[in-house]
Structure formats: structure tokens, C-alpha cells
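Below is one structure, written out as C-alpha cells, with a few remarks after it.
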Amino acid sequence: MEDLIGIILLVLGLGMGIGFTYFVTKDRVETAREKAMTESRSQIEALNENIRYKEGTITDLRQQLEGLHKERTELIEERSSLRQQLMTEREKLKEQVELLAKAEERFTETFRSLSYQALDMNNRSFLALAEENLKKFQEKANMDLESRQRSIETVLQPISSTLTSLDTVIKKVEEDHLKSTVQIQEGIRQLSENELRLQAETAKLVNALRTPGVRGRWGEMHLRRLVEMAGMTEHCDFDEQMSADAEEGKRRPDMVINLPGDRTIIVDSKVPLTAYLEALESSDEETRRSCLERHARQIRTHIDDLSSKKYWDLMDNDPEFVVMFIPGEMFFSAALEIDPQLIEYGVSSKVILASPTTLIALLLAIAHGWREHHIAENAQKISSIGKELYDRIDKFRESYAKVGKHLASAVDAYNSSVPTFQSRLLVSARKLKELNVTVEEEIDDVCEVEKTPRYHQLEEGR
Numbered sequence: 061m062e063d064l065i066g067i068i069l070l071v072l073g074l075g076m077g078i079g080f081t082y083f084v085t086k087d088r089v090e091t092a093r094e095k096a097m098t099e100s101r102s103q104i105e106a107l108n109e110n111i112r113y114k115e116g117t118i119t120d121l122r123q124q125l126e127g128l129h130k131e132r133t134e135l136i137e138e139r140s141s142l143r144q145q146l147m148t149e150r151e152k153l154k155e156q157v158e159l160l161a162k163a164e165e166r167f168t169e170t171f172r173s174l175s176y177q178a179l180d181m182n183n184r185s186f187l188a189l190a191e192e193n194l195k196k197f198q199e200k201a202n203m204d205l206e207s208r209q210r211s212i213e214t215v216l217q218p219i220s221s222t223l224t225s226l227d228t229v230i231k232k233v234e235e236d237h238l239k240s241t242v243q244i245q246e247g248i249r250q251l252s253e254n255e256l257r258l259q260a261e262t263a264k265l266v267n268a269l270r271t272p273g274v275r276g277r278w279g280e281m282h283l284r285r286l287v288e289m290a291g292m293t294e295h296c297d298f299d300e301q302m303s304a305d306a307e308e309g310k311r312r313p314d315m316v317i318n319l320p321g322d323r324t325i326i327v328d329s330k331v332p333l334t335a336y337l338e339a340l341e342s343s344d345e346e347t348r349r350s351c352l353e354r355h356a357r358q359i360r361t362h363i364d365d366l367s368s369k370k371y372w373d374l375m376d377n378d379p380e381f382v383v384m385f386i387p388g389e390m391f392f393s394a395a396l397e398i399d400p401q402l403i404e405y406g407v408s409s410k411v412i413l414a415s416p417t418t419l420i421a422l423l424l425a426i427a428h429g430w431r432e433h434h435i436a437e438n439a440q441k442i443s444s445i446g447k448e449l450y451d452r453i454d455k456f457r458e459s460y461a462k463v464g465k466h467l468a469s470a471v472d473a474y475n476s477s478v479p480t481f482q483s484r485l486l487v488s489a490r491k492l493k494e495l496n497v498t499v500e501e502e503i504d505d506v507c508e509v510e511k512t513p514r515y516h517q518l519e520e521g522r
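Residue numbers for the sequence shown, in the working numbering: 61 to 522.
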């Protein structure tokens, strides 16, 4: 009996534990939902921070290149100035040497003239006097020449030292300039190679994107990447390349996103690039604006085309609008700059224009809605299981109550048979013992059972 009561208490405790678990799980679900929203915002902020960091790195590299160009120009100007100073000093030195040579020539000519005149005017006496005077003059001239040579050496010594220092400085400057030039040339070469590779890849991409089929696959690829980033994988929350039947044939959107509650959002990728690429290649402002206007008109044409398909009339679950995905912020912003009414025009035609930024936000919101939907479904399942468990416990209680009633009947039957056993069977058995019948143990009296089963009933609403 005590074991049965323990089992009943265990079952009741299990039911109360399930109810308590349901209320605790509800709070945890709310916490998980807030955490998921915070993580989504953090991911978007991290992407924006990464874009700003890359833009800052490009600006720093450009500033460094401009600084190297400026330093190279300054070194070239300094080298030219030093060479000009060296040439000026050399010209001055050359002029001084020429002056000394001319003075020596004039001295020789004057001496010859005086000698001829002395010989003509006087014979030996004048010649002797001339020789004496010549000796004195030669001595004086030699003294003057030595003095001038010392003066010239004194003047030229600082110049020579300056020229030597200047040559050393020029050599060092030329070596530094050569190193800087090599570094600059290497940097320019790498930049040129990178630019050539980038131009080649860009040209390949542009040429490829001029083909409609390639543009379509490129747009679908961007669409798939955004869907994967948002967690809306192909086997979970969206169907790619679904078809809808119409009177004039099959209409196939690029993607149909399933929403909770059997609702859908149709997404069609459009890549209007022809006019936009022509605008980028144009150098004339008027031609560029004309191409951008044509680009905006192409987007309007795509809006009209999507609106005319009327997917909302073809799908069973009646989508309320169509999302036109443009896989490039620059394509979208260029069209809005020319035609600011594009968004309003699309809304009036049940076509919502979406760039990668807006579409990823929409997909993240839908993914969050699916998570909430799954949480609600799980809560509903828990409630259903709890109700089923409650009903089963109630049925088990009824069966258990029947067991209690049968136990009570058995106790009553047992108690009613005890007097018969005591007055008839037990008395006869004890008489055998009085007649010296050998027995191992004496028969004890049988007592009535006074305990009765307790009945439990589940309270309504528990």
C-alpha cells in the first residue's frame, strides 16, 4: 500500500515539474530572442566598421605615395641647386687663374719693351743699368709673385675645403636619392602592376556583365549570398527558382521567401547595368547625365515589368508585393539621384526596390520571425503534451481509484472471514495440540485489518 502511495506522489510531482519547466523555458526564450537581435545589430555594425577601416587604409596609402613624390621632387631640386653652386665656384676659380696668366704676359711684354728701348738709347752703360734695374725688378716681381701665390692659396684653401665637403654631400645626397628613387620606382611599379591587374579584371567583369545571362547569374549569386548570410538557407525558409502558372505560360521569380503563417515574399533580381556602365565610361558631363537618366528609365521599365506579372494573383498564398533586388548600392543610388520618385513609383505598383543593405535587413527580420514562430510552435507543442499528460494522469487516477476500491472490498472480506477463522479453524487446530500432536510452531491469532485506502482526485484546472 505504501509503495502505491509513493508512485502516486511521484506522478503528481512529475506533473508539477513539467508545469514549472514550461514557465522557466518561457523566460529563457525571451532572453534568447533579445540576444539574437543584439547579435544581428553587432554583425551589421562590424561590417560597417570593416568598410570604414578599408577606406581609411586606402587614404593612408595615397597620402604616403604623395609624400614620396614630394620628397623626390625636393631632392631633385636640392641636387640641382648644389650642382649650380659647384659650377659657379669653378667658374670663379677659372677666372682668377686666367687673370694671373694675363698679368704674367703683360709683365713679360713690358720687360721686353723696356729692354729694347734701353739698348737703343744707351749702349753698355744703359744696358748695365737696365740689368741692375732688371734684377731689382725681377726680385720685386718674384716677391710679388710669391706673395700673390700665397694670397691665392689662402683664398683657394676654403674654396677647396668647401668643394670637398660639397662633393661629399652631393655623393651622399645622390646615394640617398638613388635609394629613394629605387624604393619609389618599386612602389610605383607595384602600384602600376596592381592597377593593370585591377583594370584587366575590371574590364573582364564589365565585358562579362554586358551579357544579360551573366548579369542574371551575377544578381542571383549576390541574392544567394545575402540569403545565406541571413540564415535563410535553401532547405529551410526559402525556395529558389519557383514557377507560377499563368494563362500565357509559366512565370518564374528568382526567389520566393516563405513567411510564418503561410505567407510569402517574392524576390526578383534585376541588374540594369548597360546605361550605368556607359555613364562611367563617359567623360562628358552631359552625356553622363543622359546615360544615368536612361539608367533610371530602365529601372522604371523593370518595375513595370514586375508589376505586370502580378505574382500576387498567381500564388496560392497571395503575396502582397514583389521585392525587386538591385545587387549594387551604386546602381540604386545613381538611379535615385536622377529620379528621386522611384521608390514611391515602385510602391504604387506593388514593387519594393531593395539594395543589398535593405534586403539583408529584410532577410534578417524574416529569419528572426521564423525563430519566433518556431519558439511559438514549440510552446504550443509543450502545452499540448502537458494537456495530454494531464489527461493520462487523470485516467490513471481513475484506474488507481478502482484498485483502491477493490483493496477496500478485499479488506472487508478479509475482516469478515477473521471471526470464522478464529472461532472454527483456529479452535480445532489448538485442540489437536491439546491431544499431544507434535507441532513445530504455535498458530498465532489473526487480527483484522483496520487501514482503508485513501482516495485522491486531481483538481480542475491544475
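Quick reminder that beta carbons are idealized off the backbone N, C-alpha and C, glycines included.
- Contact check for serine 343 and cysteine 351: beta-carbon distance about 12 Å, past the 8 Å limit, so the pair fails to qualify.
- The distance from the Cβ of tryptophan 372 to that of lysine 410 is about 7 Å, consistent with a contact at the 8 Å cut-off.
- Under the criterion of beta carbons closer than 8 Å, leucine 413 and methionine 384 qualify as touching, at roughly 5 Å.
- Look at leucine 333 here: in three-state DSSP terms it is coil, with no helix or strand label.
- Rounded to the nearest whole angstrom, the C-alpha separation of methionine 289 and glutamate 105 is 15 Å.
- Comparing alpha carbon positions, the residue from His355, Thr228, Asn438 closest to phenylalanine 392 is His355.
- From the listed residues Phe381, Pro332, Asn108, the smallest Cα separation to lysine 370 is found for Phe381.
- The DSSP-derived three-state label of phenylalanine 456 is helix.
- Taking a C-beta distance under 7 Å as the contact criterion, glutamine 358 and alanine 335 qualify as a contact pair.
- If you draw a straight line from the Cα of serine 459 to the Cα of isoleucine 325, it is about 53 Å long.
- Where methionine 384 is concerned, the enclosing beta strand (DSSP E) starts and stops at 382-385.
- DSSP places methionine 147 in the helix class (H, G or I) of the three-state scheme.
- Looking at the backbone, the Cα of leucine 366 and that of glycine 446 are separated by about 48 Å.
- Residue pairing from DSSP places isoleucine 412 in a beta bridge opposite Val383.
- Straight across, the Cα-Cα distance linking aspartate 328 with leucine 396 is about 19 Å.
- Aspartate 451 and lysine 465 have their C-alpha atoms roughly 21 Å apart.
- Per DSSP, the beta bridge partners of threonine 324 are Asn318.
- A straight-line Cα-Cα distance of about 54 Å links arginine 457 and methionine 315.
- The Cβ atoms of isoleucine 230 and leucine 142 lie closer than 7 Å to each other.
- The Cβ-Cβ distance between glycine 291 and proline 387 does not fall below 7 Å.
- Taking C-beta separations shorter than 8 Å and ignoring five residues to either side along the sequence, the partners of threonine 417 in its chain run Glu389, following chain order.
- Within the model, the alpha-carbon separation for glutamate 138 versus glutamate 346 is close to 46 Å.
- Between the beta-carbon of glutamate 432 and that of isoleucine 398 there is about 40 Å, and that puts the pair past the 8 Å contact cut.
- For the pair proline 332 and glycine 429, the CB atoms are not nearer than the 7 Å cut-off.
- Rounded to the nearest whole angstrom, the CA to CA distance from glutamate 404 to glutamine 440 is 41 Å.
- Going by DSSP, serine 393 is part of the alpha helix (DSSP H) stretching over 389-398.
- The residues Tyr336, Leu352, His355, in chain order, have a CB closer than 7 Å to that of alanine 394 in the same chain once the five nearest residues on each side in sequence are set aside.
- Rounded to the nearest angstrom, the gap between the Cα atoms of isoleucine 317 and threonine 361 is 24 Å.
- Taking C-alpha positions only, serine 469 is separated from alanine 461 by approximately 12 Å.
- The three-state secondary structure of serine 141, taken from DSSP, is helix.
- Look at methionine 292 here: in three-state DSSP terms it is coil, with no helix or strand label.
- Taking leucine 423 as the centre and dropping the five residues before and after it, the same chain places the C-beta of Leu286, Val287, Ala290, Met292 closer than 7 Å to its C-beta, in chain order.
- Distance from the CA atom of alanine 436 to the CA atom of isoleucine 442, rounded to whole angstroms, is 10 Å.
- The three-state secondary structure of aspartate 365, taken from DSSP, is helix.
- Looking at the backbone, the Cα of lysine 95 and that of alanine 427 are separated by about 14 Å.
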